[in-house]
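Participant: What follows is a single structure, and I will ask about it in a moment.
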Amino acid sequence: MSNKTPVTAKRRLDYQPPAYQIHDIELSFNLDDEVTKVKSLLHVFKQGDHDQPLKLDGENLTLIEVKLNGKSLQQYELTDEALTLSNLPDECFIEIYTEIDPASNKTLEGLYKASGSYCTQCEAEGFRKITYFLDRPDVLSKYTVTIYADKKRYPYLLSNGNKIDSGDLEDGKHWVKWQDPFFKPCYLFALVAGDFDKLTQSFTTSSGRKVALELYVDKGMAHRGEHALASLKKAMKWDEVVFDLEYDLDIYMVVAVDFFNMGAMENKGLNVFNSKYVLADSQTATDEDYFNIESVIAHEYFHNWTGNRVTCRDWFQLSLKEGLTVFRDQQFSADMGSPVVNRIKNVKVIREHQFAEDASAMAHPIRPDEVIEMNNFYTVTVYDKGAEVIRMLHTLLTPAGFKRGIDLYFKRHDGQAVTCDDFVNAMQDANSINLDQFKVWYEQSGTPELTVEQDFAADTGTLTLTIQQHTPVTLDQSQKKPLYIPVRVEYLANDGSSTTDIIHLTQSQQKLVRDGFDVEPTVALLGDFSAPVKVIRTLSAESLLTIALHSNDGFSRWDAAQTIYSQFIHSLTPNGSTLAITQETITALLDGLLESAMEDQALLAEMITLPSVETLVQQVPKYYVESLHSAREKLERIIISHAQPMFEKQYHGLAFTNYDYTPSQTATRKLRNQLLMYIASTEQGEELVTQQFMQSDNMTDTLGALKAAQHAKCKCFDKLMSQFEETWRADPIVLDKWFALHASRQSEDILSRLDLLMGHQQFNHENPNRVRSVIGSFAFFNSTGFHAKDGSGYRYIGQYLQKLDKINPQVASRIVTPLTQWQKLDEERIVKMKAELVRLLDNKDLSNDVYEKVSKSLGYQ
Ligand code: TRP
Ligand code: ZN
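In UniProt numbering, the protein residues as written are 1 to 861.
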């Protein structure tokens, strides 16, 4: 089935504690383009009484010499994956001399050189590409690091912790020595060497310690670093106020790099960031960019406690740090801006991407049981569903109870490498609640479905809700247990008053009885999206309108509007059942929204936005590509023809102000650009789009105009796009927006356009941001192009991934996702998609990363 030599998965239940611990490591790096020399001195302690050898992980290293207690060692076993030393005393010093080649490392994992600077990325298992070591998170060591490099080209030599010494050498080189006082796993090690612009500020902690904050960016970019630094200070303050967590070193450094596989990395005291999550000014960054920077800066900062001070015992426990840290950054963002709009943002990620993952062959619990390539498990399930699981604890325990649990967790586990069970146990022990059933969330994959029936006895005023929970089987698990699910319920009375309950659902079927109603209330379920589940329920158009227009819960209002739109769209496709939602429901919703003078402009913008195609697909058994798209477009036309005058009036009523990133301005721009999306396809469209593009003083409105023009297929699109390209040609992170807009455009000749884009001067196959903007945007968001009936979209992606896999397997493996999600498509497309997967698998040098996802998708394992 595959030409590749079989790779075996690791299993969670096979965990064994390490046979040795390494208490101290002294590293020295001689950075050089030809050959970088790495020397490592390990202080090793045998754990318990045994005669197992010490097996150190290593990959792509040239071993020069090994010494044991100062004496050259001749007897060792060396393979492509490990250096094994036998017959070691209980305590010893091991010195290892290796050579590596960072300049030719295009995987962006381990130590690599890109755009003239050296940098590292060790999570999850990249430290083994730097030196031989026990590359696992339950080995905690104290690091001392000395870096030698040319002083002119690399004036800044950075690593974790405190700078303790430095000096110059005669040959134009200099050196710096760093020491990190905290024990840490090797995935948190970092080194950066290069020339940068540096911004320095400081933060005084609540206990009065002054922390130096240093931000390193590409030369000439200093003015774009202010927002990131301001965000960092807000995050530091917030964690003190909400969780009593203070920063623990005297220095916190953030370095922005242009070549990076993911968003950012929380290395102790030295975060490394993808520059797109650092650099911003009003000219070049959108409100969304500002938001993302604030949230990623916070996320990495929050890891200092949830991830670094308390880390993971093994990689199956990844959600221990990621789910919890995503929850923390979501709460932070909610406090910095609009809680409702943030919640909607979180829910969209779950419904568009996480539900899709659970419905695919990559379905896994938030704590996976089996892994081939760990990098494949940095998923929306581990991160975002993981955060939903933490949020449910927060809901069940109340914020005060959750805080008690967090306090106990740190009291018990500071300085340790622990498991998800340890976390839940701390939550349980700090509160009087049994969380045994709750733990099923950690072991079970799939999206639970709640089927709800409502019954009202008018004579007694008794309302009965019957809720059944059912988790459909997933490709990884055939048995499912009932879960412990908090369901927020809101009873809306006719007079506009409302009461709220939180129901603890534990059985497969549960009846909830509530008395005291004069008339039957409208019941809104799953307020604030209290659990990551699907609700299946027949509500009348009238009830949906009542919730959309009158619920006290902003999320429920939005959700009801989304249900109205979704049901209307599906009713026009072969998935549709009898039509409960008519055109009149749609117009009543719009009239209600637009005439009520809604104060929350951002919520209004969300409520007039249709569910994405990706979200719609997750609501139905089959994805009828053409029919779903045309149904969605039809609803858009209905909305425009009804609401055009109101949309235009609203649009013109929104003032253009000098750009500032504030919640109220952001809300106005969000509404403006959503209105423009609709208006763009009307007679005034061309003119308004062009006008907004011309007069905009900020990237949010500029890009809003371009997106509207693209969506409505305005004639002005090409002209505006070339004007944009001329302005931003020299600025790749800005140009990425242009790449993405071109690649997600609906057009017959999209594939030749992709070729042209990749021929652009700024395009570079080795830069993940560029690849994601062109290829990622096409595969994930150009659903008509990607799903072209003749299979040409699949073919294009398949062929490209063959090449990309040889350069950067991690990025290739992320982009392969849409190609593996064939389950809901029609037979013809399934055949074509699978053919592409088979072709990929045919390649005997295929990376483990792509192999794992493709072979799972084909059902080969
Ligand atoms: N720990 C990082 C975060 O979520 C994720 C990360 C950054 C990562 N770079 C990576 C994961 C490379 C795997 C590989 O904050
Ligand atoms: Zn993280």
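Glycine residues also receive a C-beta, built at the ideal position from the N, C-alpha and C atoms.
Measuring straight from C-alpha to C-alpha, what distance separates K670 and T311?
Facilitator: 38 Å
Participant: Give a yes or no on whether the C-beta atoms belonging to S744 and S777 are separated by under 7 Å.
Facilitator: yes
Participant: Take every Cβ of the segment 522–537, pair it with every Cβ of the segment 488–501, and state whether three or more of those distances are shorter than 8 Å.
Facilitator: yes
Participant: Evaluate A705 with the Cβ neighbour count: other Cβ atoms within 10 Å of its Cβ, from every protein chain shown; 16 or more gives buried, anything less gives exposed.
Facilitator: buried
Participant: So is F809 buried or exposed if we call it buried at 16+ other beta carbons inside 10 Å?
Facilitator: The sequence as given places Pro at residue 809; Phe does not occur at that position. Its Cβ being crowded by 16 or more others within 10 Å, P809 is buried.
Participant: Take D171 as the anchor and find which of R309, E109, N30 and Q75 has the nearest alpha-carbon.
Facilitator: N30
Participant: Does the distance between the C-beta of E542 and the nearest non-hydrogen atom of the ligand TRP fall short of 6 Å?
Facilitator: Not under cutoff, so the answer is no.
Participant: Would you kindly report the start and end of the unbroken beta strand (DSSP E) that includes V513?
Facilitator: Q509 to R514
Participant: When DSSP builds the beta bridges, which residues end up paired with G167?
Facilitator: In the DSSP output, where bridge partners are listed per residue, G167 has W175.
Participant: Whole angstroms are fine: how far does the CA of T379 sit from the CA of E388?
Facilitator: 14 Å
Participant: For Y112, verify whether its CB is less than 6 Å away from any heavy atom of the ligand TRP.
Facilitator: no
Participant: Any chance the segment 85–93 sits against the segment 104–118, with 3 or more Cβ pairs inside 8 Å?
Facilitator: no
Participant: May I ask which residues mark the beginning and end of the beta strand (DSSP E) holding R672?
Facilitator: Segment P663 to I679 is the alpha helix (DSSP H) holding R672; no beta strand (DSSP E) there.
Participant: What does the Cβ neighbour count give for I372, buried or exposed, with the cut at 16 atoms within 10 Å?
Facilitator: buried
Participant: Where does H550 sit, in a helix, a strand or coil, going by DSSP?
Facilitator: helix
Participant: Would you say L199 and A235 are within 7 Å of each other, going by their C-beta atoms?
Facilitator: It is not a contact, given that the beta carbons lie outside the stated cut-off.
Participant: Excluding sequence positions up to five away, which residues of its chain have a Cβ less than 6 Å from the Cβ of D805?
Facilitator: Counting only Cβ-Cβ distances below 6 Å, and skipping sequence neighbours, we find A812, S847 and V850.
Participant: For Q650 and L320, what's the separation of their Cα atoms in angstroms?
Facilitator: Going by the C-alpha atoms only, they are around 45 Å apart.
Participant: Can you confirm whether the segment 355–368 touches the segment 407–416 when touching is taken to mean that 3 or more C-beta pairs between the two stretches lie within less than 8 Å?
Facilitator: no
Participant: Would you say the beta carbon of M262 comes nearer than 6 Å to a heavy atom of the ligand TRP?
Facilitator: yes
Participant: Just the Cα atoms here: how many angstroms apart are N69 and G405?
Facilitator: 45 Å
Participant: Examine the ligand ZN and report whether any of its heavy atoms sits within less than 6 Å of the Cβ of T325.
Facilitator: yes
Participant: Is N87 close to the ligand TRP? I mean its beta-carbon at under 6 Å from any heavy atom of the ligand.
Facilitator: no
Participant: Where does the unbroken beta strand (DSSP E) through Q121 begin, and where does it stop?
Facilitator: S117 to Q121
Participant: With distances taken from CA atoms, which of E648, E300, M392 and S627 is nearest V533?
Facilitator: It is M392 whose Cα lies nearest to the Cα of V533.
Participant: Check whether the Cβ of Y378 lies closer than 6 Å to any heavy atom of the ligand TRP, and answer yes or no.
Facilitator: Yes, the ligand TRP has a heavy atom inside 6 Å of this Cβ.
Participant: Using a Cβ-based criterion (distance less than 6 Å to any ligand heavy atom), does E370 qualify as near the ligand ZN?
Facilitator: Incorrect: E370 has no Cβ contact closer than 6 Å to the ligand ZN.
Participant: Please report the Cβ distance between V255 and L158, rounded to the nearest whole angstrom; I am assuming they are in contact, meaning their Cβ atoms lie under 8 Å.
Facilitator: 7 Å
Participant: Would the segment 438–451 and the segment 326–342 be scored as touching if the rule is three or more Cβ pairs under 8 Å?
Facilitator: Remark: fewer than three beta-carbon pairs, one from each stretch, lie closer than 8 Å, so the segment 438–451 and the segment 326–342 are not flagged as touching.
Participant: For the segment 209–217 against the segment 159–170, do three or more pairs of beta-carbon atoms, one drawn from each stretch, fall closer than 8 Å, so that the two count as touching?
Facilitator: no
Participant: I think P448 touches H470, with their Cβ atoms under 8 Å apart; what is that distance to the nearest whole Å?
Facilitator: Contact check for P448 and H470: beta-carbon distance about 7 Å, within the 8 Å limit, so the pair qualifies.
Participant: Alpha carbon to alpha carbon, how far is P645 from C122? Give it in angstroms, no decimals.
Facilitator: 55 Å
Participant: Closer than 6 Å: is that where the CB of E65 sits relative to any heavy atom of the ligand ZN?
Facilitator: no
Participant: Given this structure, state the Cα-to-Cα distance separating I251 from Y143, to the nearest angstrom.
Facilitator: 16 Å
Participant: So A228 is in the alpha helix (DSSP H); what residue range does that whole segment cover?
Facilitator: First-last of the alpha helix (DSSP H) with A228: E226 to F243.
Participant: In terms of residues, what are the limits of the alpha helix (DSSP H) holding Y800?
Facilitator: S792 to I807
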